[in-house]
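Undergrad:
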Amino acid sequence: FTNFLELLGTKVRLLGFKGFSGGLDTNLDGTGEYSIHDDKTFKDYEIMYHVSTMLPYEKSNRYQITRKRHIGNDIVCIIFQDEPKPFSPFAIRSQFLHVYVIVSPVKCKVDSYHVEVVCKNGVPYFGPPLPNPPIFDDPISLKKFLVATVINGQNAAWKTPKLSDPFYRARGGIIRDIV
């Protein structure tokens, strides 16, 4: 798991962080001390990953609101599994999550990963296409694939009525208020 996180980006201290924070607290450590950040992979995109194991865990909080507030409000989620298992998008309750990228290491090959992409109904096709078989032996190719999939998946998910309708209603209301 640690190797996978290092592949995604750089571990950054959130307190005082000046780049794109993805809504994480950079003033008081309210959302953990560290996260994974990437600002070099894809054009002008900066990505701050909401890493569940880096978000605060409160034993007394049955619902883990801090974790849900960030991960549950994301549109795309990368799920790391120690071994490939079937995944259902209904396993995580969220109104926003629409695209799931499931990554698991290939046991017999060092630095090789098996990847699947699962979407909720209504998300239009987006690329890049998965290779056949969906195994990446090169960490650089995997990272480029993941970043492109996350960005394209989010853009595709915004086209679903569940996400686009409230946006267009709000925008229409703002325009009516202006006129």
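According to full-length UniProt numbering, the sequence shown is numbered sequentially starting from 1.
Ideal Cβ positions, reconstructed from N, Cα and C, are used throughout, including at glycine.
How long is the line joining the alpha carbons of Leu163 and Leu15, rounded to whole angstroms?
TA: Those two C-alpha atoms are separated by around 32 Å.
Undergrad: Could you tell me the distance, in whole angstroms, from the CA atom of Ser112 to the CA atom of Val106?
TA: 5 Å
Undergrad: Of all the options Phe96, Ile178 and Leu142, which has the alpha carbon lying nearest to the alpha carbon of Pro166?
TA: Phe96
Undergrad: So, is Leu28 buried or exposed, given that buried needs 16 or more other C-beta atoms within 10 angstroms?
TA: exposed
Undergrad: Helix, strand or coil, according to DSSP, for Tyr168 in the structure here?
TA: helix
Undergrad: For the pair the stretch 7-21 and the stretch 36-55, tell me if three or more CB-CB distances fall below 8 Å.
TA: yes
Undergrad: Which of the three DSSP states, helix, strand or coil, is assigned to Arg176?
TA: helix
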